[in-house]
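Q: If you're matching positions, the sequence shown starts at 352 in our numbering and goes up one per residue. All C-beta atoms in this analysis are idealised placements derived from N, C-alpha and C, irrespective of residue type, glycine included. What follows is a structure written as C-alpha cells; I'll ask about it next.
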Amino acid sequence: MSNKTVLFDKHVEYKGKIVDFAGWQMPVNYGSQIDEHHQVRNDAGMFDVSHMVIVDLLPKEGAGDIKAYLQFLLANDVAKLQDAGKALYSCMLNENGGVIDDLIVYYMSDDWYRVVINAGTREKDLAWMNKQSSDFNVEIKERADLAMIAVQGPNARTKAFEAMPVDVVEAATPLKRFFGADCGDWFVGRTGYTGEDGFEIMLPESEAAALWDKLAESGVKPCGLGARDTLRLEAGMNLYGNDMTEETSPLISGLGWTIAMEPTERNFIGRKVLEIEKSAGVKQKLVGLVLEGRGILRGHQKVASEAGEGEITSGTFSPSLQKSIALARVPSDIGDTCTVEIRGKWLNATVVKPVFVRDGQAV
Numbered sequence: 352m353s354n355k356t357v358l359f360d361k362h363v364e365y366k367g368k369i370v371d372f373a374g375w376q377m378p379v380n381y382g383s384q385i386d387e388h389h390q391v392r393n394d395a396g397m398f399d400v401s402h403m404v405i406v407d408l409l410p411k412e413g414a415g416d417i418k419a420y421l422q423f424l425l426a427n428d429v430a431k432l433q434d435a436g437k438a439l440y441s442c443m444l445n446e447n448g449g450v451i452d453d454l455i456v457y458y459m460s461d462d463w464y465r466v467v468i469n470a471g472t473r474e475k476d477l478a479w480m481n482k483q484s485s486d487f488n489v490e491i492k493e494r495a496d497l498a499m500i501a502v503q504g505p506n507a508r509t510k511a512f513e514a515m516p517v518d519v520v521e522a523a524t525p526l527k528r529f530f531g532a533d534c535g536d537w538f539v540g541r542t543g544y545t546g547e548d549g550f551e552i553m554l555p556e557s558e559a560a561a562l563w564d565k566l567a568e569s570g571v572k573p574c575g576l577g578a579r580d581t582l583r584l585e586a587g588m589n590l591y592g593n594d595m596t597e598e599t600s601p602l603i604s605g606l607g608w609t610i611a612m613e614p615t616e617r618n619f620i621g622r623k624v625l626e627i628e629k630s631a632g633v634k635q636k637l638v639g640l641v642l643e644g645r646g647i648l649r650g651h652q653k654v655a656s657e658a659g660e661g662e663i664t665s666g667t668f669s670p671s672l673q674k675s676i677a678l679a680r681v682p683s684d685i686g687d688t689c690t691v692e693i694r695g696k697w698l699n700a701t702v703v704k705p706v707f708v709r710d711g712q713a714v
C-alpha cells in the first residue's frame with residue numbers, strides 16, 4: 352500500500368490529482384500542469400517533497416569522523432565545504448562506479464552534516480550508508496519527523512518570507528544560493544529542482560499543513576509532479592532511474608563535474624573503476640536534444656547519428672520553449688544533429704548542451 356505524506360489531506364483539499372509515485376500517493380497536478388509550470392517560471396509555486404528522505408549524520412558516542420566517512424562514501428569531496436550551511440551535490444556510487452543515488456549534503460559543523468536522498472531509493476541508500484559507516488563511528492539518523500516543502504520561482508523567496516515565522520525569515524534572508532540555515536526546529540535551504548531560485552523548507556510535520564495554507568495565502572500556488580518533471584528537464588537536471596542508474600557511471604550521465612578526482616590520495620567508492628573508464632576514453636555522454644519538427648520526445652526512443660546510436664533517457668514537451676526536448680545518452684563524438692525514432696518515423700533533432708532554461712531564460 353502506498354504511503355502518504357503529512358500533507359496528503361491538503362492535496363485532496365486543494366483538488367490535487369493523486370497518483371502513485373515511488374510508493375507514495377502524490378499529486379501529479381491540481382488542474383493544469385502547463386499552468387503550474389508557468390507559475391513557477393513566472394511567479395512562485397510550491398511542491399510537497401516530504402517523501403524525500405532527510406538524514407542527519409552525527410558522531411557516534413562523541414568520536415565519529417563524519418568528514419572522512421563522506422569523503423569515502425561520495426564521489427564529490429565534502430572537504431570543499433568550509434562555511435557552515437554550504438551544500439554540495441554529489442553521486443553515491445557502488446564499487447562498479449554505478450550511481451546508487453544522487454543527493455545533496457549540507458555541512459553544518461564538523462559534528463553535523465545533513466543529507467537529502469531520493470524517496471524511491473530510501474531502503475537501499477540507508478542500507479548502503481549504514482554498511483559503509485562501520486569504520487567511521489558515524490550515527491545515521493533518519494528524520495522521519497520532518498516534512499519538506501519546496502517553494503520555487505522568481506518571486507518564491509519574497510512570498511515565502513510572508514508565510515514563515517520571523518526567526519526563520521531572519522535566518523533565511525542572507526542565504527546565498529546552495530546554502531542552508533538551521534533555524535531550530537526548522538531548516539531552510541536555498542536549493543531546488545526547477546532551475547529557479549527559491550527555498551526547500553524542512554519543518555516539523557505538525558507545522559507543515561499550516562505553512563502550506565500560509566504560502567497559498569501569500570500567492571504561492573500548489574504544483575504537482577508533472578510540472579516538477581518538465582521544470583527539472585528544462586533546467587537539464589537528471590532524474591534518478593532515468594538519466595542515471597546503478598548500471599551507468601556519472602561519466603556517461605552528464606555528471607563528470609560532480610566527481611572530485613583531486614586530491615589523488617582520496618579514495619572513494621567507485622574511484623578505481625572511474626579512473627579506468629577515463630583512461631580508456633569515455634565512449635558516451637549525456638546531451639540535450641531539441642526536436643526540429645512536431646512530435647514528442649520520450650524516454651527510450653532510439654537516437655541515430657553518423658557517430659552511432661544512442662537512446663533518450665528523459666523527454667517531454669517544453670512549455671517554456673514550445674518545443675520538444677530531451678536528455679539522451681549518445682556516442683561521445685556525436686555532431687550537432689541527429690535523428691530520433693518516433694512512432695516508426697525518423698525525425699531531425701539538434702544536439703545542444705543539456706540545459707534548456709535557467710532562471711526563466713532560454714539558454
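Can the beta-carbon of alanine 679 be found less than 9 Å from the beta-carbon of isoleucine 663?
A: For alanine 679 and isoleucine 663, yes; Cβs fall inside 9 Å.
Q: Using C-beta distances below 7 Å, list every residue in its chain close to glycine 646, excluding the 5 sequence neighbours before and after it, in chain order.
A: Correct list, in chain order: Ser675, Ile693 and Leu698.
Q: Quick check for students: name the residue ranges of the beta strand (DSSP E) that lie wholly in the stretch 399–437, counting only runs of 3 or more.
A: For the stretch 399–437, whole beta strand (DSSP E) runs of length 3 or above, ordered along the chain, are 404–410.
Q: Near serine 589, what residues of its chain come up, given a Cβ to Cβ distance below 6 Å and the 5 sequence neighbours on each side ignored?
A: This sequence places asparagine at residue 589; serine is not what is there. Same-chain partners within the cutoff: Met595.
Q: Going by DSSP, what residue range makes up the beta strand (DSSP E) through lysine 696?
A: First-last of the beta strand (DSSP E) with lysine 696: 696–703.
Q: Quick one, which of Gly540, Asp476 and Trp463 has its alpha-carbon nearest proline 525's?
A: Here the closest residue by C-alpha is Gly540.
Q: According to the neighbour-count rule (16 or more other Cβ atoms, all chains shown, within 10 Å of its Cβ), is isoleucine 405 buried or exposed?
A: Buried, since its Cβ has 16 or more Cβ neighbours within 10 Å.
Q: Buried or exposed: asparagine 380, going by 16 or more other Cβ atoms within 10 Å of its Cβ?
A: Classification of asparagine 380: buried, given that the 10 Å Cβ count is 16 or more.
Q: Using a 10 Å radius around the Cβ and a threshold of 16 neighbouring Cβ atoms, would you call asparagine 447 buried or exposed?
A: Looking at its Cβ environment, which holds fewer than 16 other Cβ atoms inside 10 Å, asparagine 447 is exposed.
Q: Between the beta-carbon of aspartate 533 and the beta-carbon of methionine 612, is there less than 9 Å?
A: Against a cut-off of 9 Å, the Cβ pair of methionine 612 and aspartate 533 comes out as no contact.
Q: Can you tell me whether isoleucine 603 is buried or exposed? The criterion is at least 16 other CB atoms within 10 Å of its CB, across all chains shown.
A: With 16 or more other Cβ atoms within 10 Å, it is buried.
Q: Could you compute how far the alpha carbon of alanine 677 sits from the alpha carbon of aspartate 386?
A: Spanning the two alpha carbons is a distance of roughly 21 Å.
Q: Could you spell out where the alpha helix (DSSP H) holding asparagine 380 opens and where it closes?
A: Run containing asparagine 380: none in the alpha helix (DSSP H); it sits in the beta strand (DSSP E), 375–380.
Q: Nearest CA to the CA of isoleucine 500: which residue from Gly382, Gly659 and Ala395?
A: Minimum Cα distance to isoleucine 500 is reached at Ala395.
Q: Are at least three pairs of beta-carbons, each pair with one atom in the stretch 410–424 and one in the stretch 366–381, less than 8 Å apart?
A: The answer is no - the stretch 366–381 does not touch the stretch 410–424, with fewer than three Cβ pairs under 8 Å.
Q: Would you grab the beta carbon distance between alanine 495 and phenylalanine 619 for me? Rounded to a whole angstrom, and I think it's under 8 Å.
A: Not really, about 28 Å apart at Cβ, beyond 8 Å.
Q: Could you check the C-alpha separation between glutamine 390 and valine 429 for me, to the nearest Å?
A: In a straight line, the C-alpha of glutamine 390 is about 35 Å away from that of valine 429.
Q: Do the stretch 472–485 and the stretch 503–515 touch if we need at least three Cβ pairs shorter than 8 Å?
A: Verdict: no, contact absent.
Q: Let me know the secondary structure DSSP gives glutamine 503 once reduced to three states.
A: Residue state, collapsed to three classes: strand.
Q: Which whole-angstrom value describes the C-beta separation of threonine 599 and tyrosine 440, a residue pair presumed to lie in contact below a C-beta threshold of 8 Å?
A: Not a contact, Cβ separation roughly 17 Å.
Q: Curious, which full-length alpha helix (DSSP H) runs of at least 4 residues does the stretch 469–528 contain?
A: Whole alpha helix (DSSP H) segments, 4+ residues: 473–484, 507–514 and 517–523.
Q: For proline 548, collect the residues of the same chain with a Cβ closer than 8 Å to its Cβ; drop the 5 residues on either side in sequence, then sort them by chain order.
A: The question names proline, but residue 548 is aspartate in the sequence shown. Around aspartate 548: Gln503, Gly504, Pro505, Ala507, Arg508, Arg528, Arg541 and Asp710.
Q: Give the DSSP-derived three-state secondary structure of asparagine 580 in the structure shown.
A: Just to set this straight, residue 580 is aspartate in the shown sequence, not asparagine. Helix, per DSSP.
Q: Hey, how far is the Cα of aspartate 461 from the Cα of isoleucine 417?
A: One C-alpha to the other measures close to 7 Å.
Q: Exposed or buried, which one is histidine 388 when buried takes at least 16 other CB atoms within 10 Å?
A: Burial call: buried.
Q: With DSSP run on the structure shown, which of helix, strand or coil describes threonine 596?
A: In this structure, threonine 596 counts as coil in the three-state DSSP scheme.
Q: Using DSSP bridges, identify the partner residues of arginine 465.
A: In DSSP, arginine 465 forms a bridge with Asp407 and Tyr457.
Q: Could you pull out every residue in the same chain whose Cβ sits closer than 6 Å to the Cβ of aspartate 371, ignoring the five residues on either side in sequence?
A: Around aspartate 371: Ser353.
Q: Note down, in chain order, each residue of its chain lying with its Cβ closer than 6 Å to the Cβ of alanine 522, except the 5 sequence neighbours on either side.
A: Cβ within range, chain order: Ala532 and Cys534.
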